[in-house]
Structures are given as structure tokens and as C-alpha cells.
Amino acid sequence: MAGYFEGVGRKLLANGYLIIPIKPGHKRPALDSWQSSRLGVADIARYPGHGVGVLCGQGARPLVAIDIDTTDDELASRFVLWCQDNLGATCERVGNAPKILLVYRAAAEGWGKATGAWFDDELGEKHRLEVLGKGQQFVAYHIHPDTGQPYEWVDFFGGIETITAAELPVITEEQVAAAMVEFDRLALEVGLAKVAGSRAKSVGQLTSALEEDPLMAYEPPVGIDLAEAKRLMGYVDNEDYDTWLKVGMGLHHEFAGSVDALALWNEWSSAASNYSCIEDLEKRWDGFGRSGHKPMTARWLLKVGNAGKKETVRAEKRIALEEAKALILSCSDSIDLVGDVAAKVGELADDMALRAELAGLIRLRFKDLTNTLLPVADVRTAMAGGRKIPVLNRAKRQMTEFGNAERMLDHYGDGLSFVPELGAWQAWTGVYWRRAAPVELEHLAKETVRGLADESKSIENDDERVAFFKFCAISQRAMMVRNMVALASSDPRVVVPVEELDKHTHLLGVGNGAVDLRTGKLLPPDRKAWITTITPVEYSETATAPLFEQTVRDVFHGDDEMVSFFQRLVGYSILGQPKEDVLVIPYGSGSNGKSTVLGAIRKVLGEHAKAASADTFLASAGVGSSSAGSAREDVLRLRGARFVYVSEPEEGSELREGLIKSMTGGDPMPARGLYSKVTVEVMPTWVSFMPTNHRPIVKGDDHAIWRRLLLVPFTRNFDSDKHVKKDPHRADKLELEAAGILRWCVQGAIAYQRDGLDLPAKVKDARDEYKRDMDLLAEWLDTCCEVAPGFVASNAELWVSWEHFARNRGELRFISSSKSLGRRLLSRGFGAVRNSHGLRGRGFVGLRVRDSLDA
């Protein structure tokens, strides 16, 4: 049988990958100098039975592989989903699940290897992220030496065998660094602990020094009730101090510091020999949740409590087994054995393994007493107290992939939904619907298969039981598991059309439910609202933000009209219905507070706020639109956003007026992913804020573009203004007022719905001044031309004058041709003439060029 190197090596070479042979039974290459090897088609036959490795960081299309080295299913699933959303969907390889590797193309050759910090779980297992670059390789096709199973490509593309290196998504150094930060954040969020002294290492051009995003540090309650918590606590040691403290913190987080939860903690604690008093518990209770660090949640209680329960149950089962065995072996009468002892044993044996062992022992004892073998069906009937055990209703759930898909939804369907248009699964978190990674669904499918054995308890016939267990074995095949997920995706119980998602724009998803923006009231989480976007900040109808409000007042020089307008403007942006058709341009010289204020708003809005590159809205000086005719992936990423924060544009950048008109016109915009063949329509739900120190250049002079530009002047300078004191830590302090700032935004939405934007005079004047500054044609007419009814000038004269004027200012792109100049002059009221007014050829009447070109 040919090895993988012979089987797929030729195809990988054709796809542009640099391949090397991997030793049979190992992960390491078969070559000593593999880092610099360049094998061709002629070399394939030299390595029979070998696996295939792929080099990173080299060649015309250097690869970078993100190796997710974790045994935590949740961490792997959530990080893969983040990569898909932020780096692009790509090829994904699994060797020893849930560990997974994602393959991208590096923006440049020669990247070294980068590693994240080490993390520990409660079992002492290590977890971290590695980014493979030059000098590294990954095994693409082989048998995994630990699992004995083939490496598997689990993406929808079919692996790198079906995709060329040129088609892989390209990622930058900044994106890699952001991925490392995100992995660290998620690792802490799922309960892993960072190893003391362990640090991320960046090699070559890679870095991991980005700031973590505080918007994602949200821990929702698990969803257990007090009765379940009490049951779990019964299996937890209340003598150990650390354990005792963790139980208290978990209860405080799960039940929002309620009095009932405190009473439960006290009841459990009072049974310990080292119990102090209720006052001691109350003091600690009041301090929980105020550290600002990641909270201890009831997930820890679930894990420890269930582990304790399992150990207790195992001990109880061992005792029950010994008691049942003694009862059977001590019985000396076959009638008593079948009529009495078997029923008592049946009550003790509530586990399939116990029941099977004891049933066999009863049969052996019956044979010892009677020299006759009792039928298995009769033993089961006797152990059931003379009652027939019900036969499995196979008409309900068949022994097929279809039946398994239904079984999976029987168990997990209430918390799942599938969106056909996006080809994406979603999982209910208890607050909102989040995107579920494919590996999460495969995990649920595997858990369903593991639970198949429970159905065998109701199968009476031995032959049927044998057939069922064969089906259980077949169901464990990887293809069966994948097919379960595929079949489940068409089940009406979980299918939800994409138009249902976030369609109630008056509802703003928050950390503890949804806010009705029409009333400002908090509504409880509702699955049927189909909210997929939230801010992790919990909404409070009584929260305040005095420091933030003072900051806004300081920024606008205490101008109440501007302060109220700005609050209405922000409130308008979060409504999800941008009917005002405006692009907001907060402008002013440096150190004016706009970044602090807008940054605080952006943070509290969480996923409702998205960042956009200035390149989406602007073209650099002298450069045309880089997106003309290409896939609008940048627009696709904004789908569902409400507040879009545009990065600082470069000085001299031109506004892409056509895009601005489309984005603020209230009509759907076509967009598609970089590697997608499907174009989708994106309805703008967002308002864009483009803070800048340098206003972008606007070439057009028509009303359609200028009515869309909303200038918000930030004129205070906190460095030079002696009336205010600059606070370098103001942004950090504002994070403590997140709930109050969120309520401020909601109040702004209510105020907008009542009063509209109602532009202040300062805002109107700023737009008029901006328009005057951009009117280069008017400046040329004043400087280089004379205007009077009897004057006339040829097109050639006018163009020479304009070209000289505009080129000297570096602004020829405003009007770059004689035809464009003619159209502009017509729009200003000058008449076009031909062979008249003493002019041969084409020209304009009403103006003439001054004699001097010194302007």
C-alpha cells in the first residue's frame, strides 16, 4: 500500500507547497537538512510509506501555521471561531483532537516561530498557542503516532490537497499578534491558569504585544438553580479553605450576590469543623466580584461537584455490587433465587454494567442449584420484579445516520440553531446566540454516540442487543459523526432564516438581556428574539457615569447644546436604523479628548461597535480606489454593526464619495468574502464615526455628498488650555463607569427619538466652513480668472490655467481633465459656446483667464 507521500505529494507540489517526507510512526522529518530541502516530483518515489510534511515561512508563498495546542474543547472551539471571523476561513487539520492547526499565508517571507505563554488546567495539563514560521514544518498527511489514526482535514474546503497556496488567506504580523492575545484571553476565560513566569515569545517579525480587548472579558452565569447548587455542594469538601472560598465566589457570581445564595453558602459551611460565624461569610460575600479580575463562576462548582458525585456513586455501586453478590451466592433455593433474590438484586443494580454482571451471576447460581441454564429474558424479567422490560421503540429513532441526527437534537436541540444562508451553527449562551464552531457540533455528535449505550437497556432480545451494539460501533466512525451534523442542519427544529437574526433593531443585546431602546427598559434574555450581537456590559436602569459626563462637558467647553447634541448623535447610532444618512467626522487638533470619549463609547458597546480601516472610506493621495471591482470583504465585516469606528486617515486622503453615498443611502450593498463565490447584500445598520486631525479631501461640490457629512468640532486642547487639567489615566477610570456610559447611550437614543438630531449652529458652521475650504474651483476663479457677462475663453486657455494652478498646489486630482473642468463650469452657471462670441472652437462665456500665471 502506497504511503501518503506518494499518494498526495504530487498534488501538493502542484498546489505550490514545499513538502518533505515524515518518518513512518513519527512526526519528525526523514531528512537531516529538511529546513532547506526543495523536493520535486522526481523525489516522490524515493520515500514509500512516508507521511507528508509542509514547510512554513519559505518560498514564493510562505505559509504560517497557527497550532492550537490545547486539550480544552471549549478553548479550541472558541479560538478557531475567532480565527475564522478575524483572519479568514482556511484549511484546518486535526491530529489529536481537540488540538487543531490552521494554515494561512504569511504577508512576508522569513517569519520565525512565535509562542504564547503556557497555561495550566486543574489536571496539570499544559496549553498554549504556537505560530509556526521559517524553520518549522507541520505534518499534513500521516498516521498520528499517539492516536494511531490519520491526520484529518476538517474544514469545508477539503484541506490543502484541494486548495493552492495562493488561495490561502494572507495574514499580517499584527493579525498574528492579535491572535496570540486573543488565545491568552480565551484561555483565562475558560478557567485555565497562566503558568507563573511564562511569557509569550515573538520571533522574527512577530509580536504579541497588543493590548487585550476588555470588551470580551465577560462571564455569563451557568444557569443552575439553588437546588442544583445545593446538590453539587453535597459532594464538595467544606473543610478545605480554598475550596470553601471558591464555592462562595461561584455562588455569588451565579446568583448575583443574592441573600438566598449567601444563606446556602452559610448552611453548607456550618457543617464544617472550622466554621466561624455568619458575619465572617457576610464580610467576604460583600467583597466578591469587586476585584476587576476574571470571576470564579459556578462552572468550577459543576466540575468539582460532579467529580465528587461520580466518586461517591462509584463507591456506592461497589458496595451495592458486593451486597448483591453475597445475596446471590448465599441463596440455596432456586425458587427464592428467581422469585425474591433476583428482584432485590434488580433494585440494587441501576447501572447497565452492574446489571449485566449480576444477571450472569444469577444464571450461574441457578445452574449450580438446578443444573439448568435460565434464559436471559427470564433473568431480566425476574430482576425487574416480574415485569417485562419495555422493548425499544425503533420506529421513533432508527439505527441510521438520520436517527442519530434526531437523537443529537433530542439531547441538544433546544440550545442550537442553524442558519442555512450563512452555513453556520449557533449556540444559545443563556443570553444570546453565538456562532458555534464546527468542532463544537462534532463534539455534541460524539457525545450523542457515546450515549447510545443507554438505549440498549430497553432491548430485551439478545440478537437485537448485539445488532444495536454493532450499530453503536459503526456510529463512532468519523464520517458518521460528520453526517449526523450535516443531517441535523436541515431539521426544522433548528433551522432559522438569516433575516430573523437581530431583526428587532429596537433591542440592544447586553450582558444581562436586551434593552428596549424605545423605552430604556431591560428585558430578560429571549431565545426567540434571535439576538446574536451583544455588549458584555450588564445594563442597569439606575447606573450613572459622572466622570464620563464631566469629560464630555469638558471636551465641548461646557456647551450644553453641543453636549446634548452629541448624546443624541451617539444614541441615534445605536438604533440600527441610520435614516439620517450621515458620516460623522469628529475633528480637531491633537489632545482634544475625542479619542478618549469615543474610545469609552466603543468599549461599552462591545460587539455592536466594529472597527473599520480608513481605506474603506478613503483613497490615499494620488491613489485610486483599491477596491474597485474587487470583493467588498471590508463591507461584509460590518454587517450587524451599529457603531463603526474608522481609523485615523492619512493627511491628504480623498473621501470615496461613491461609497459614502451608497453606505449612507439606505440601500443594500453587495459584498462577499475574499474567497467566497457568493455575493450577499448587506443592509447598512451602522453609523460611521471617522475621528481625524486632518479632514479628508472632498472633490465633489454637489449637495448629495455635502448633506451626508456631519462635522463635530473638538476644539479644546487639554495640553495648552489652563482651564482644564489633563488626566492621563482618564480612559482607565472611565472603564469603571461602563454600566453608566451604556445607560447614557441608551438615554441618547430615547432623546433622539423624541427630538431628532437638531444640529447646533456650531455643527452647521463647521460643515459650511469645510465646504468652503474644499472649493478649490472657487479659489481658482477668484485668483486666475475674471468674471463678467461679456468675457469669453477657450477650453484650451481655461485648462492650461487650471492645470498650472492645481498642479502648483498638488491638487490636480480634484479636476483631472478638460472635460471634468467643463462640467464643473457648467454647474457654476457659465455658458458653453462654440464658434461664437469671437471664439473659434469650444469655450465658455462669462469668464476669461487673467494674463499672469503666477497664481
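For the sequence shown, numbering that gives the first Met the number 0 puts the final residue at 854, and the numbers step up evenly by one.
Cβ coordinates follow ideal geometry from the N, Cα and C atoms, glycine included.
Environment of residue i [buried if 16+ CB atoms lie within 10 Å]
i	result
R806	exposed
P727	exposed
Q83	buried
H251	buried
G621	At G621 the pLDDT is 47, less than 50, meaning the model places this residue with poor confidence; the figure from the coordinates comes in the next sentence. G621 should be labelled exposed.
E315	exposed
R77	buried
D764	exposed
Q425	buried
T691	buried
L582	buried
G755	exposed
A528	buried
E653	buried
N855	Summary: the structure shown does not reach residue 855, with the chain confined to residues 0 through 854, and so no result is reported for it.
A107	exposed
A627	Unreliable placement is indicated for A627, whose pLDDT of 42 sits below 50; the coordinate value is still reported in the next sentence. Exposed is the call here.
Coarse secondary structure for residue i, derived from DSSP in three states
i	result
D119	strand
Y586	strand
R833	strand
A576	Rather than Ala, the amino acid found at residue 576 in this sequence is Gln. Three-state DSSP puts Q576 in coil, outside helix and strand.
G249	helix
Q397	coil
M179	helix
M668	strand
K593	helix
K98	coil
I704	helix
V430	coil
Y3	helix
W424	strand
D68	strand
Inter-residue Cα distance where the pair is residue i and residue j
i	j	result
L516	A542	16 Å
P23	G48	7 Å
F156	S572	38 Å
E579	L708	11 Å
V51	R27	10 Å
C783	I162	60 Å
G699	S826	11 Å
V138	W117	23 Å
P577	F688	13 Å
P712	F555	8 Å
R298	P220	9 Å
V130	L421	29 Å
W33	I21	10 Å
R313	D453	18 Å
W779	S835	25 Å
S816	W798	8 Å
R822	R729	51 Å
D367	M398	38 Å
Minimum Cβ-Cβ distance from residue i to chain D less than 8 Å
i	result
P727	This model lacks chain D altogether, as it is built from one protein chain only.
Residues near residue i in its chain [Cβ-Cβ closer than 7 Å; skip 5 each side]
i	result
G402	R396
R877	The structure shown does not extend to residue 877, since the chain spans only 0 to 854, so no value can be given for it.
L54	L17, I19, Q136
E802	L811
W264	V246, G247, L250, L280
P144	G24, H25, K26
K761	M561, P712
Other residues of its chain near residue i: CB distance less than 6 Å, five sequence neighbours each side excluded
i	result
D553	V723
L261	W284
G87	P168
R841	N794, R833
G512	L521, L522, P523, P524
Own chain partners of residue i with C-beta closer than 8 Å, once the 5 adjacent residues on each side are dropped
i	result
I327	L336, V340, V344, L357, L360, I361, R364
K282	none
D767	none
Is there contact between the stretch 571-587 and the stretch 711-718, where contact requires at least three CB pairs shorter than 8 Å?
Because the criterion of three Cβ pairs below 8 Å is met, the stretch 571-587 and the stretch 711-718 touch.
For the stretch 560-574 against the stretch 749-764, do three or more pairs of beta-carbon atoms, one drawn from each stretch, fall closer than 8 Å, so that the two count as touching?
In short, these stretches touch, since the Cβ pair count reaches three.
For the stretch 589-600 against the stretch 649-669, are there 3 or more C-beta pairs whose distance is under 8 Å?
The count of Cβ pairs closer than 8 Å, one atom from the stretch 589-600 and one from the stretch 649-669, stays below three, leaving the stretches out of contact.
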